[in-house]
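Numbering-wise, the sequence shown is residues 1 to 301 according to UniProt numbering.
Ideal placement from N, C-alpha and C gives every residue a C-beta, glycine not left out.
One structure below.
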Amino acid sequence: MNIRHLDHFLAVLNCGSLSRAAEKTGISQSGLTKSIRALEDLVAMPLLERQSRGMRPNPQGEALAHRARLIVAQWREARRELEALRDGAAGRLTIGAGPSWMRRGLPEAIAQLLQASPGAEVKVTGGFDAQLIEALKQGEYDLIIAACEEARHDRALEVVPLTRDRQSVIARRGHPLAARSDLAIADLADAGWALPSRRMAQRQRFNAIFAYNGLHEPVPAIESDSIAFIFEVVKKTDLLSFATSSIFKPSAKDEIVSLEVAGIGWERHAGIIMRADEARSMLAEMLTRRLFDVAAEMRVN
Numbered sequence: 001m002n003i004r005h006l007d008h009f010l011a012v013l014n015c016g017s018l019s020r021a022a023e024k025t026g027i028s029q030s031g032l033t034k035s036i037r038a039l040e041d042l043v044a045m046p047l048l049e050r051q052s053r054g055m056r057p058n059p060q061g062e063a064l065a066h067r068a069r070l071i072v073a074q075w076r077e078a079r080r081e082l083e084a085l086r087d088g089a090a091g092r093l094t095i096g097a098g099p100s101w102m103r104r105g106l107p108e109a110i111a112q113l114l115q116a117s118p119g120a121e122v123k124v125t126g127g128f129d130a131q132l133i134e135a136l137k138q139g140e141y142d143l144i145i146a147a148c149e150e151a152r153h154d155r156a157l158e159v160v161p162l163t164r165d166r167q168s169v170i171a172r173r174g175h176p177l178a179a180r181s182d183l184a185i186a187d188l189a190d191a192g193w194a195l196p197s198r199r200m201a202q203r204q205r206f207n208a209i210f211a212y213n214g215l216h217e218p219v220p221a222i223e224s225d226s227i228a229f230i231f232e233v234v235k236k237t238d239l240l241s242f243a244t245s246s247i248f249k250p251s252a253k254d255e256i257v258s259l260e261v262a263g264i265g266w267e268r269h270a271g272i273i274m275r276a277d278e279a280r281s282m283l284a285e286m287l288t289r290r291l292f293d294v295a296a297e298m299r300v301n
């Protein structure tokens with residue numbers, strides 16, 4: 001099998017039609033059709049079905065697509081590593097990270113990595129846990145640093161724990177509730193909220209605490225995938241939110257405070273998440289060791 005057969009197959013899935021996929025891949029439509037047929041001959045079954053608005057995978061095609069994305073991603077990574085060795089560089093590493101790690105921990109570890117391997121190329125993308133995990137499984141990252149809870153139950157993933165910290169409710173320092181020390185969950189029933197996406201596992205856990213206590217889950221006035229944006233909103237309004245203890249920057253401590261609310265405050269375990277049963281690159285191993293060292297110095301507990 002030629003790796004280009006999988007490339008062409010995935011191009012058709014992504015584009016939804018042979019004509020658009022041919023344009024994207026830079027080959028003729030007849031050449032693309034021959035490549036798809038060669039792949040179907042190899043697996044001895046059809047993979048695509050034609051519809052009025054283009055092409056879509058049949059169930060067999062859907063099953064192959066998942067594996068094909070991983071194979072193509074791994075092949076490209078292998079090519080990059082070989083080219084890096086040929087050119088005297090140290091390779092390339094793609095990383096996804098949650099908001100707290102983008103602010104603290106990961107920058108230090110990468111700085112140490114680049115000092116030890118100056119020819120390395122590192123690409124870092126931020127996101128929320130569920131998004132990062134799905135992208136990792138699709139082969140978009142070599143590894144991610146995120147909350148471990150969801151990944152621990154997925155056999156396709158390997159989890160290497162690094163830290164644990166606490167989630168708590170946050171508010172601007174001058175918020176009417178900030179001076180109180182006897183807060184209960186019921187005191188937050190009528191509060192306004194600025195919250196991260198419902199797709200985020202920690203948001204779902206936050207909602208579940210209210211449901212467990214017989215309260216309606218908070219309905220946010222503002223919902224955003226940007227933690228930085230939420231912080232700015234909390235600083236300037238009476239909206240509440242929640243965050244991990246490790247996400248606060250020193251410059252933010254004077255403007256944002258953590259509220260002590262009985263019944264709210266839970267541990268979050270974070271770590272390195274990788275695809276299971278997959279060989280790690282030299283750079284991935286080096287970064288893992290440095291993340292362990294940085295996590296030990298962070299003293300998050």
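**Request:** Pull up the DSSP beta-bridge partners for W101, would you.
**Result:** Note: W101 sits in no beta bridge, so no partner.
**Asked** Between P57, G31 and A22, which lies nearest to M45 when the distance is taken from Cα to Cα?
**Response** Of the candidates P57, G31 and A22, the one whose C-alpha sits nearest the C-alpha of M45 is P57.
**Message:** Taking the alpha-carbon of E297 as reference, which of L162, C15 and I133 has the nearest alpha-carbon?
**Reply:** For the residues L162, C15 and I133, the minimum Cα distance to E297 belongs to L162.
**Message:** Using a Cβ-Cβ cutoff of less than 7 angstroms, which residues in the same chain neighbour residue 309 once the five nearest sequence positions on both sides are dropped?
**Reply:** Nothing in the structure corresponds to residue 309, since the chain is present only between 1 and 301.
**Request:** Can you tell me which of M274, R280 and A279 puts its alpha carbon nearest to the alpha carbon of L136?
**Result:** Taking L136 as reference, the option from M274, R280 and A279 with the minimal CA-CA separation is M274.
**Request:** Please list, in chain order, all residues of the same chain as V160 whose beta carbon is under 7 angstroms from its beta carbon, the five residues on each side excluded.
**Result:** Sequence-distant partners of V160 (beyond 5 residues in either direction) whose C-beta falls short of 7 angstroms from its own C-beta, in its chain, are G271, I272 and T288.
**Request:** Return the chain-ordered list of same chain residues with a C-beta closer than 7 angstroms to the C-beta of G126, the five sequence neighbours on each side being excluded.
**Result:** Taken in chain order, the residues that qualify are A97, P99 and M102.
**Prompt:** Applying the criterion that 16 or more other CB atoms from any shown protein chain within 10 Å of the CB defines a buried residue, is V219 buried or exposed?
**Reply:** That one is exposed.
**Message:** Considering Cα atoms alone, identify which of I264, Q167 and A221 is closest to T237.
**Reply:** Its Cα nearest to that of T237, the residue A221 stands out among I264, Q167 and A221.
**Message:** Let's test the definition: count the other Cβ atoms within 10 Å of the Cβ of A22 and tell me whether it reaches 16, buried, or not, exposed.
**Reply:** Of the other Cβ atoms in all chains shown, 16 or more fall within 10 Å of the Cβ of A22; this residue is therefore buried.
**Asked** Can you tell which of E40, D7, S52 and V261 has its C-alpha closest to the C-alpha of Q74?
**Response** Out of E40, D7, S52 and V261, D7 has the C-alpha closest to the C-alpha of Q74.
**Item:** As assigned by DSSP and simplified to three states, the class of I230
**Value:** It is helical.
**Item:** DSSP state of P250 mapped onto helix, strand, coil
**Value:** Reliability of the predicted coordinates at P250 is poor, the pLDDT of 45 falling under 50, and no value is obtained from them.
**Message:** Nearest by alpha-carbon distance to E134: which of E267, A151 and P118 is it?
**Reply:** It is A151.
**Request:** Give a single yes or no on whether I273 has its beta carbon closer than 7 angstroms to a heavy atom of the ligand GTP.
**Result:** With respect to small molecules bound, the structure shown includes none, and the ligand GTP cannot be examined in it.
**Assigned exposure category for Q51 - 16 Cβ within 10 Å defines buried** = Residue environment: Q51 is assigned as exposed (fewer than 16 neighbouring CB atoms within 10 Å of its CB, all protein chains considered).
**Asked** In terms of DSSP beta bridges, what is A178 paired with?
**Response** The partner list for A178 (beta bridge, DSSP) is empty, contrary to what the question assumes.
**Prompt:** Using the C-alpha atoms, what's the distance from L42 back to A11?
**Reply:** Approximately 18 angstroms between the Cα atoms of the pair.
**Asked** Out of curiosity, what's the CA-to-CA distance linking H153 and L82?
**Response** Rounded to the nearest angstrom, the two C-alpha atoms are 34 angstroms apart.
**Request:** Taking all protein chains shown into account, decide if H66 is buried (16 or more other Cβ within 10 angstroms of its Cβ) or exposed.
**Result:** Per the 10 Å Cβ criterion, exposed.
**Request:** Under the assumption that R172 contacts V124 (Cβ atoms under 8 angstroms), give the Cβ distance between them as a whole number of angstroms.
**Result:** About 30 angstroms separates the Cβ atoms of R172 and V124, ruling out a contact at the 8 angstroms cut-off.
**Request:** Could you check if S241 is buried or exposed, using at least 16 other CB atoms within 10 Å of its CB as the buried criterion?
**Result:** When all chains shown are included, S241 counts as buried.
**Prompt:** With C-beta atoms as the reference, is G31 less than 8 angstroms away from S281?
**Reply:** For G31 and S281, no; Cβs fall outside 8 angstroms.
**Request:** With DSSP collapsed to three states, give me the class of R199.
**Result:** R199 sits in coil when the DSSP states are folded into three classes, being neither helix nor strand.
**Message:** Can you check which of these residues, R20, E217, A194 and H216, is closest to A243 by C-alpha distance?
**Reply:** For A243, the nearest C-alpha among the options comes from A194.
**Exposure of L215, with buried meaning 16 or more beta-carbon neighbours within 10 Å** = Counting every other CB atom within 10 Å of its CB across the protein chains shown gives L215 a total below 16, marking it as exposed.
**Item:** Nearest residue (CA-CA) to V261, options A295, P196, R76 and Q167
**Value:** It is Q167 whose Cα lies nearest to the Cα of V261.
**Item:** Top-ranked residue by Cα proximity to E149, from F292, I27, W266 and R290
**Value:** Cα-wise, what sits closest to E149 is W266.
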